[in-house]
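Start counting the sequence shown at 0; every next residue gets the next number (numbering that gives the first Met the number 0). Using N, Cα and C, we set each Cβ at its ideal position, and we do this for glycine too. Note that this is a predicted model, so its numbers are computed, not measured. Contents: one structure, followed by commentary.
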Amino acid sequence: MSDMTHSLTHAGTALPADWRDLFALTKPRVMSLVVFTAACGLLAAPGHIHPVLAFSSILAIALGAGASGALNQWYEAALDAKMKRTAGRPLPAGRLDPQTALQFGVGLAAFSVFLMLFAANWQAAALLTVSILFYVIVYTMWLKPRTPQNIVIGGAAGAFPPLIGWVAATGHVAPLPVLLFLLIFLWTPPHFWALALFVRSDYAAAGIPMMPVVAGETSTRRQILFYAIIMAVAAVAPWPLGYAGALYGWTAAILSALFVLLSAQVGLRRSVENDRMQPEKRLFAFSVAYLFILFGAIVADHMWPL
Numbered sequence: 000m001s002d003m004t005h006s007l008t009h010a011g012t013a014l015p016a017d018w019r020d021l022f023a024l025t026k027p028r029v030m031s032l033v034v035f036t037a038a039c040g041l042l043a044a045p046g047h048i049h050p051v052l053a054f055s056s057i058l059a060i061a062l063g064a065g066a067s068g069a070l071n072q073w074y075e076a077a078l079d080a081k082m083k084r085t086a087g088r089p090l091p092a093g094r095l096d097p098q099t100a101l102q103f104g105v106g107l108a109a110f111s112v113f114l115m116l117f118a119a120n121w122q123a124a125a126l127l128t129v130s131i132l133f134y135v136i137v138y139t140m141w142l143k144p145r146t147p148q149n150i151v152i153g154g155a156a157g158a159f160p161p162l163i164g165w166v167a168a169t170g171h172v173a174p175l176p177v178l179l180f181l182l183i184f185l186w187t188p189p190h191f192w193a194l195a196l197f198v199r200s201d202y203a204a205a206g207i208p209m210m211p212v213v214a215g216e217t218s219t220r221r222q223i224l225f226y227a228i229i230m231a232v233a234a235v236a237p238w239p240l241g242y243a244g245a246l247y248g249w250t251a252a253i254l255s256a257l258f259v260l261l262s263a264q265v266g267l268r269r270s271v272e273n274d275r276m277q278p279e280k281r282l283f284a285f286s287v288a289y290l291f292i293l294f295g296a297i298v299a300d301h302m303w304p305l
């Protein structure tokens, strides 16, 4: 605790925080994908929800995601301080004290659930609660420091948003949002392991058992390709199963083929010492665009079916 306290102080006094540090705690880049997939789940749902209630529901999901990010950074402040990629975050950099981060995260989580309860329904509020607890307790506190399968199982936390958005609009679960949940769940390992390959030294320094650190590069590359293939099947599945039309189907087929191709470039090559990991970086960048375009296609397919 003394090391952590020292890292959070400067000349014996905690550095002042401002709204930008609190905003940074919410992991806004991650939140943008959460908000987008949740909105797509809501817009693709049948029926109609009042625009104000729809906006409030998406805001609740965004706040819940932000709360999860804040509590994650609160718990991992000492680990973040050991990694170059995360050392500049508000807590390890000493701009924010742990108590403030904890109170902010818990308060934001509680507010997000109550907002969802009043804006939508108890089912969506319950799912939002489960997603927050899963990310903070199951993934952050339990899985991440203990097993290289942390991302595989923990990927469920990031897969909840489209399901929550759908349930906020309808009050019930249906096959299409479950398939979208499965898509994100299977997308998470190749997306995150592509990143983990070129920041492996960071995770090794922090003692986090990410797949490249524990199983090595070769095994990680093969698993990236494996998950990309089954993810592609899940991505296209709504079309032949009758839950989406040709617009989504062709978009999913083409983009998923590109995803598998990029994953094959990563999965089948040997690591080259001191290279810039270009195939891994291309896969990581494409994986983000892939999910944005695919979820946009499911909404477009719902609004303008072919």
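Asked, Found
"Same chain, Cβ closer than 8 Å to residue 199, five either side skipped, listed in chain order", "209, 211, 212, 216"
"As assigned by DSSP and simplified to three states, the class of residue 81", "coil"
"Neighbourhood of residue 11 by C-beta distance below 8 Å, restricted to the same chain and skipping five residues each side", "Low confidence applies to residue 11: its pLDDT is 37, below 50, so where it sits in the model is not reliable, and the reading given next is rough at best. Closer than 8 Å at Cβ, skipping near neighbours: no residue."
"Beta-carbon gap between residue 250 and residue 292 smaller than 8 Å", "yes"
"Under the three-state DSSP convention, the category residue 120 falls into", "coil"
"Inter-residue Cα distance where the pair is residue 303 and residue 180", "23 Å"
"Delimiting residues of the alpha helix (DSSP H) encompassing residue 216", "216-235"
"Classification of residue 40 by the beta-carbon crowding that lies within 10 angstroms, buried from 16 upward", "buried"
"Residue 47, enclosing alpha helix (DSSP H) - first and last residue", "Unbroken run through residue 47: none, as it is neither H nor E."
"Beta-carbon proximity check, residue 86 vs residue 30, cutoff 8 Å", "no"
"Same chain, Cβ closer than 7 Å to residue 4, five either side skipped, listed in chain order", "With a pLDDT of 41 at residue 4, under the threshold of 50, the predicted position of this residue should be treated as unreliable, though the coordinate-derived value follows. Hits under 7 Å: none found."
"Contact check, residue 150 vs residue 99, beta carbons under 8 Å", "no"
"Alpha-carbon to alpha-carbon, residue 93 and residue 286", "33 Å"
"Residue range of the unbroken alpha helix (DSSP H) whose run includes residue 264", "245-266"
"Exposed unless 16 or more other CB atoms sit within 10 angstroms - verdict on residue 84", "exposed"
"CB contact flag (residue 235, residue 262, <8 Å)", "no"
"Test item: CB-CB of residue 237 and residue 178 under 8 Å", "yes"
"Inter-residue Cα distance where the pair is residue 197 and residue 267", "16 Å"
"Buried/exposed call for residue 189, threshold 16 Cβ in 10 Å", "buried"
"CB-CB length for residue 282 against residue 230, believed under 8 Å", "Actually they do not touch by this definition, with Cβ atoms about 12 Å apart."
"Start-to-end residues for the alpha helix (DSSP H) that takes in residue 25", "Careful: residue 25 lies outside any alpha helix (DSSP H) and carries neither H nor E."
"Closest by C-alpha distance to residue 123, when choosing among 58, 103, 152", "58"
"Reduced DSSP secondary structure (H/G/I, E/B, other) of residue 164", "helix"
"Min CB distance residue 220 to chain C below 8 Å", "Judged by its chain identifiers, the structure shown contains no chain C, having just a single protein chain."
"Extent of the continuous alpha helix (DSSP H) to which residue 291 belongs", "277-302"
"Residue 192, enclosing alpha helix (DSSP H) - first and last residue", "174-197"
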